[in-house]
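The numbers in our numbering rise by one with no breaks, and the one at position 63 of the first sequence is 217.
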Amino acid sequence: MADRTKDIVPVRTRYAPSPTGFPHIGNYRTALFEWLAARHTGGKFVLRVEDTDRKRLVPGSIEAIQEGLKWLGLEWDEGPDVGGPYGPYLQSERLDLYREYAEKLIAQGDAYRCYCTEERLEQMRAEQRARNEPTRYDRRCRYLTPEQRAANEAEGLPSVIRFAAPIEGTTTFHDFLRGDITFDNSTIDDMILLKSDGYPTYNFANIIDDHLMDITHVIRGEEYISSAPRYAQVYRALGWEEPTVVHVPLVLAPDHSKLSKRHGALPLLDYRDKGYLPEAICNFLLLLGWSYDDKKEFFTREEMIESFDDRRLGTSPAIFDMTRLDWFNGHYIRQLTPERLTELAMPFLLRGLPEDVAATVDREYARQVFMLDQERFKTLADVPLLTSFFFVEQPEYDAQLLLGKGMDAERAPAAIEALLAVLGELPDWTAETLLQTLDATVTRLGYIRTKADGTQVPDRGPVFMLVRVAVSGRKETPGLPEMLAVLGRERVLGRLHVALEKLRDLAG
RNA sequence: GCCCCCGUCGUCUAGCGGCCUAGGACAUCACCCUUUCAAGGUGGAGAUCACGGGUUCGAAUCCCGUCGGGGGUACCA
């Protein structure tokens, strides 16, 4: 058996976000794949900020992007904050580099200055559309005479630098997952390398930096496939070797449209605020477009790194399914140790409680409550929803809720009084003795159920539900004896008394 | 319009010419467990593998076409 690890070559990958907003969850999936490719091979994961669009720059988004990566545990080896041998990692600090290579392309005849105004381009495209032609730059400035150029320069006309793309033939690039993809050169126009403000376009800066930073594997979204042949042309003009390119399929909204806020696809950090666990998000994202085999669905961080193989990436778009995310989240919440659960749940609890109540919460008591409800939390946002009754002075509920199947206005007060009589005297307040006491009361009060085989057993249902509502104000709660044990004698007795009063008021 | 990518249960997917009367998971339904709700267990329903042609003894798997979905078509990324 050959040692497979010998075949693994360390790769350099990069996450190259543009600080024009707060990336949504699909963007981070790409980052996850890039990070995994690097970790799996013992390579490096680089964070490079593509801040070349000055108009759309959103203050604070660089910080938010980094916070998101950290939250998911996707730590980078090189980046704007930590530096590295290929810096700077902020494209706005690399402007001279792009200029240098753009000039080089002009010198060798592979690029040219274009003086066309945006108005003219706009008009040109409008006419092309009217004639039902593809909208493309008509290359007017590509064929300017040296005299015309000199005149434009003398006049001080603003200009951009465009790539002089091959006009005839085809361009083929290799997609790691899909194989060779060929575009007819007649469909590719002369893309802008450097904008009139001196900043590079995303496309150009990307090419230059991926090469200069020695990126071996470019993993990016499928929306870049149509730009890929142009990148290939520039690499070739510069005489550079092209990195391996992996286009991962898009993540779509449930209605197959592009992922947007209204479908629940929020900026990543919003998921943290909504009570999702990073391990759940990672696991969910991992399996959106990638699979290990037909069985394995839960991956620890180590297992992810160990088993990630970019050859198993898919090529068809995946739909973002919130329900599945919730399931993963519930799973990982159940996985939490009591201590970690408490740590994570506490802020959510305190935020959901009235201020005066929040101020009195005892950590140890809360810990016991959380453990009781652990298997019921789908997200941490459920914490206050399911557990607030443990903390308030007295839960509010409609007296009618106390009555139900097998429990009417006559029997309810009797049952509570019977319980009150014994619970006050209980020598120890544990789930075990509480269950015994509850059962004894049920039997004494004559709640009997006949099973299918004819045997008679105590019918816990009606009394248990009565007590459940009395102490919690709700019909769904953790197991009754366990819940009473945690609530403590004082609260339970107090709430039973309140229930009794409510029943009397009801009777009129 | 033009160019490109994609197309297996509602959803995420396994499958890479015979092991497939297509497997797993989420969701859904039923039952079990049971003091409620969950969690867990068992089982069911759910995909003529988008459709139509080929190739082959044999196709979800290869080829062509059609349709459908998506992306691109910016001095955005």
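In this text, a Cβ means the ideal position worked out from N, Cα and C, and glycines have one as well.
Quick check: the Cα distance between residue i and residue j, rounded to an integer number of angstroms?
{"i": "Asp-582", "j": "Glu-550", "result": "28 Å"}
{"i": "Val-625", "j": "Leu-539", "result": "16 Å"}
{"i": "Asp-447", "j": "Arg-466", "result": "9 Å"}
{"i": "Pro-234", "j": "Val-314", "result": "28 Å"}
{"i": "Gln-489", "j": "Leu-504", "result": "22 Å"}
{"i": "Leu-440", "j": "Leu-186", "result": "7 Å"}
{"i": "Arg-603", "j": "Leu-442", "result": "50 Å"}
{"i": "Ala-594", "j": "Leu-638", "result": "16 Å"}
{"i": "Leu-201", "j": "Ile-179", "result": "17 Å"}
{"i": "Ala-663", "j": "Gln-590", "result": "With the chain running from 155 to 662 in the structure shown, residue 663 is simply not present."}
{"i": "Gly-615", "j": "Glu-518", "result": "31 Å"}
{"i": "Leu-223", "j": "Lys-449", "result": "28 Å"}
{"i": "Ser-172", "j": "Arg-208", "result": "11 Å"}
{"i": "Tyr-430", "j": "Asn-483", "result": "6 Å"}
{"i": "Glu-458", "j": "Leu-392", "result": "Position check: residue 458 holds Met in this sequence, whereas Glu was assumed. When rounded, the distance between both Cα atoms is 37 Å."}
{"i": "Ala-280", "j": "Ser-380", "result": "22 Å"}
{"i": "Glu-232", "j": "Ile-369", "result": "12 Å"}
{"i": "His-485", "j": "Asp-613", "result": "33 Å"}
{"i": "Asp-157", "j": "Thr-398", "result": "Any reading at Asp-157 is ruled out, since the residue's pLDDT is 37, under 50, leaving its predicted position unreliable."}
{"i": "Val-203", "j": "Val-388", "result": "21 Å"}
{"i": "Ile-342", "j": "Val-537", "result": "55 Å"}
{"i": "Ala-407", "j": "Thr-355", "result": "29 Å"}
{"i": "Thr-159", "j": "Ser-461", "result": "Because Thr-159 sits at a pLDDT of 47, beneath the cut-off of 50, its placement in the model cannot be relied upon, and the following sentence gives the value as read from the coordinates. The alpha-carbon atoms of Thr-159 and Ser-461 are separated by roughly 12 Å."}
{"i": "Leu-647", "j": "Ile-435", "result": "43 Å"}
{"i": "Ala-535", "j": "Phe-502", "result": "6 Å"}
{"i": "Ser-340", "j": "Thr-325", "result": "10 Å"}
{"i": "Gln-548", "j": "Glu-529", "result": "25 Å"}
{"i": "Met-155", "j": "Leu-259", "result": "Below a pLDDT of 50, predicted positions are generally treated as unreliable, and Met-155, at 29, falls in that range; the measurement from the model is reported next regardless. If I take the Cα positions, the gap works out to 50 Å."}
Among the candidates the options, whose CA atom is the shortest distance from the CA of residue i?
{"i": "Leu-211", "options": "Thr-174, Glu-281, Pro-397", "result": "Thr-174"}
{"i": "Met-561", "options": "Leu-599, Thr-514, Lys-198, Ala-256", "result": "Leu-599"}
{"i": "Thr-206", "options": "Leu-657, Glu-247, Thr-184", "result": "Glu-247"}
{"i": "Gly-578", "options": "Arg-285, Ala-318, Glu-644", "result": "Glu-644"}
{"i": "Thr-587", "options": "Glu-529, Asn-181, Leu-634", "result": "Leu-634"}
{"i": "Glu-655", "options": "Leu-580, Pro-612, Leu-556", "result": "Leu-556"}
{"i": "Phe-618", "options": "Lys-629, Gln-262, Gln-610", "result": "Lys-629"}
{"i": "Leu-401", "options": "Pro-213, Gly-333, Tyr-255, Gln-245", "result": "It is His, not Leu, that sits at residue 401 in the sequence shown. Considering only alpha carbons, the answer is Gly-333."}
{"i": "Asp-351", "options": "Glu-547, Cys-436, Arg-253, Gly-241", "result": "Arg-253"}
{"i": "Lys-532", "options": "Asp-516, Tyr-425, Glu-564", "result": "Tyr-425"}
{"i": "Arg-168", "options": "Ile-162, Tyr-182, Trp-189, Pro-177", "result": "Trp-189"}
{"i": "Leu-331", "options": "Asn-357, Arg-290, Glu-376, Tyr-356", "result": "Glu-376"}
{"i": "Thr-289", "options": "Arg-274, Tyr-297, Thr-184", "result": "Arg-274"}
{"i": "Arg-384", "options": "Arg-649, Ala-319, Thr-597, Ser-461", "result": "Ala-319"}
{"i": "Pro-421", "options": "Phe-453, Leu-647, Glu-221, Ile-361", "result": "Glu-221"}
{"i": "Met-476", "options": "Lys-428, Val-611, Thr-609, Ser-340", "result": "Lys-428"}
{"i": "Asp-338", "options": "Ser-445, Glu-229, Ile-321", "result": "Ile-321"}
{"i": "Gly-214", "options": "Phe-176, Phe-544, Val-546, Pro-492", "result": "Phe-176"}
{"i": "Arg-293", "options": "Gly-241, Leu-226, Met-278", "result": "Met-278"}
{"i": "Leu-620", "options": "Arg-649, Gly-642, Val-611, Gln-610", "result": "Arg-649"}
What are the boundary residues of the beta strand (DSSP E) that residue i is part of?
{"i": "Ala-265", "result": "265–268"}
{"i": "Ile-602", "result": "602–604"}
{"i": "Gly-664", "result": "The structure shown does not extend to residue 664, since the chain is modelled only from 155 through 662, so no value can be given for it."}
{"i": "Asp-329", "result": "324–329"}
{"i": "Ile-346", "result": "346–348"}
{"i": "Val-314", "result": "314–317"}
Just reading off the alpha helix (DSSP H) that residue i is part of, what are its end residues?
{"i": "Leu-588", "result": "585–598"}
{"i": "Tyr-182", "result": "179–195"}
{"i": "Asp-448", "result": "Per DSSP, Asp-448 belongs to no alpha helix (DSSP H) and is neither H nor E."}
{"i": "Val-537", "result": "536–541"}
{"i": "Phe-462", "result": "Phe-462 -> no alpha helix (DSSP H), and no H or E assigned at all."}
{"i": "Tyr-551", "result": "Premise fails: Tyr-551 is in no alpha helix (DSSP H) and is neither H nor E."}
{"i": "Gln-528", "result": "Careful: Gln-528 lies outside any alpha helix (DSSP H) and carries neither H nor E."}
{"i": "Gln-612", "result": "What sits at residue 612 in the sequence shown is Pro, not Gln. No alpha helix (DSSP H) contains Pro-612, which is instead part of the beta strand (DSSP E) from 610–612."}
{"i": "Leu-201", "result": "Not the alpha helix (DSSP H): Leu-201 falls in the beta strand (DSSP E), residues 198–201."}
{"i": "Tyr-169", "result": "First-last for Tyr-169: 166–169, but that is the beta strand (DSSP E), not the alpha helix (DSSP H)."}
{"i": "Tyr-425", "result": "422–427"}
{"i": "Val-576", "result": "565–577"}
{"i": "Met-278", "result": "272–284"}
Q | Sequence ranges, beta strand (DSSP E) only - wholly within the segment 363–402, length at least 3 | A | With a minimum length of 3 residues, the continuous beta strand (DSSP E) runs that stay inside the segment 363–402 are 371–375, 398–402.
Q | beta strand (DSSP E) runs wholly inside the segment 620–660, at least 3 long, in chain order | A | The segment 620–660 contains no whole beta strand (DSSP E) run of 3 or more residues.
Q: Inspect the CB distances between the segment 310–328 and the segment 344–353 and report whether three or more fall short of 8 Å.
A: Below 8 Å, enough C-beta pairs join the segment 310–328 and the segment 344–353 to call them touching: three or more.
Q.
With a threshold of 8 Å, are at least 3 pairs of Cβ atoms found where one atom belongs to the segment 456–473 and the other to the segment 509–527?
A. Three or more beta-carbon pairs separated by less than 8 Å are not found between the segment 456–473 and the segment 509–527, which leaves the two stretches without contact.
Q | Length at least 4, wholly inside the segment 207–266: the alpha helix (DSSP H) runs in chain order | A | For the segment 207–266, whole alpha helix (DSSP H) runs of length 4 or above, ordered along the chain, are 215–226, 249–261.
Q.
Using a Cβ distance threshold of 8 Å, determine whether the segment 250–270 contacts the segment 291–306, with at least three qualifying pairs required.
A. The way I'd put it, the segment 250–270 does touch the segment 291–306; three or more beta-carbon pairs between them come closer than 8 Å.
Q. Which ranges would you report for the alpha helix (DSSP H) in the segment 457–521 if only whole runs of at least 4 residues count?
A. Taken in chain order, the complete alpha helix (DSSP H) segments of 4 residues or longer contained in the segment 457–521 are 476–489, 492–506, 509–512.
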